[in-house]
Amino acid sequence: MPHFQTKWSASTSALILGFIEGCWHIPLIFMPGDVRFGMPIWVLVLPYLAVGIFRAWVYNNTGESVLAAVLFHAAGNVTGEVIPFNVPSIYFFYIIEFVVALAIILLYGPKTLIRDKVATDTIIRQ
Numbered sequence: 065m066p067h068f069q070t071k072w073s074a075s076t077s078a079l080i081l082g083f084i085e086g087c088w089h090i091p092l093i094f095m096p097g098d099v100r101f102g103m104p105i106w107v108l109v110l111p112y113l114a115v116g117i118f119r120a121w122v123y124n125n126t127g128e129s130v131l132a133a134v135l136f137h138a139a140g141n142v143t144g145e146v147i148p149f150n151v152p153s154i155y156f157f158y159i160i161e162f163v164v165a166l167a168i169i170l171l172y173g174p175k176t177l178i179r180d181k182v183a184t185d186t187i188i189r190q
């Protein structure tokens with residue numbers, strides 16, 4: 065992430081890495097028993113764009129903590145094992161992911177995904 069953010073904004077970097085992560089997970093559509101089995105590739109890859117935004121937001125807002133990003137990833141894996149998803153419900157979950165990712169971009173700004181410290185200090189004082 066740090067290398068990407070020297071070239072592009074945090075949101076662009078997150079989308080690129082999210083796409084790469086989505087491609088990494090393509091074999092899941094060929095694994096019987098996985099909720100993503102038989103899914104079209106684009107349906108599998110797209111949600112990772114939102115996850116990329118989440119992970120960049122966590123990473124950037126924790127002082128570039130790799131541990132925080134890893135724990136976020138682990139929490140996502142555990143959630144997927146604990147909550148039984150089926151194909152219709154996973155699409156609903158994907159929509160929620162995109163809405164939250166868009167909210168993060170709008171609230172924190174696409175450049176860094178970090179709130180402006182001056183604005184944060186002003187809000188706290190009020």
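Position one of the sequence shown corresponds to residue 65 (the working numbering), numbered consecutively onward. Backbone N, C-alpha and C fix where the C-beta goes; we use that ideal spot for every residue, glycine too. Predicted, not measured: the structure shown is a model, and the values here were computed from it.
How about residue i and residue j: are their beta carbons less than 9 Å apart?
i    : j    : result
L177 : I117 : yes
A132 : V122 : yes
Y158 : P96  : no
L79  : R119 : no
S77  : M65  : yes
Count the other CB atoms, across all protein chains shown, that sit within 10 Å of the CB of residue i; report buried if there are 16 or more and exposed otherwise.
i    : result
V163 : exposed
P15  : Nothing can be reported for residue 15, as the shown portion of the chain is limited to 65 through 190.
A165 : buried
V134 : exposed
Below 6 Å CB to CB, which residues in the same chain sit around residue i once its five sequence neighbours on both sides are set aside?
i    : result
I84  : none
E161 : P111 and A114
L92  : D98 and R100
Return the chain-ordered list of same chain residues with a C-beta closer than 8 Å to the C-beta of residue i, the five sequence neighbours on each side being excluded.
i    : result
G140 : V115
K175 : S73, A74 and S75
Pop quiz: residue i and residue j are said to be a contact at Cβ under 8 Å. What is the actual Cβ separation, rounded to whole angstroms?
i    : j   : result
I147 : S75 : No, I147 and S75 are not in contact; Cβ-Cβ is about 27 Å, not under 8 Å.
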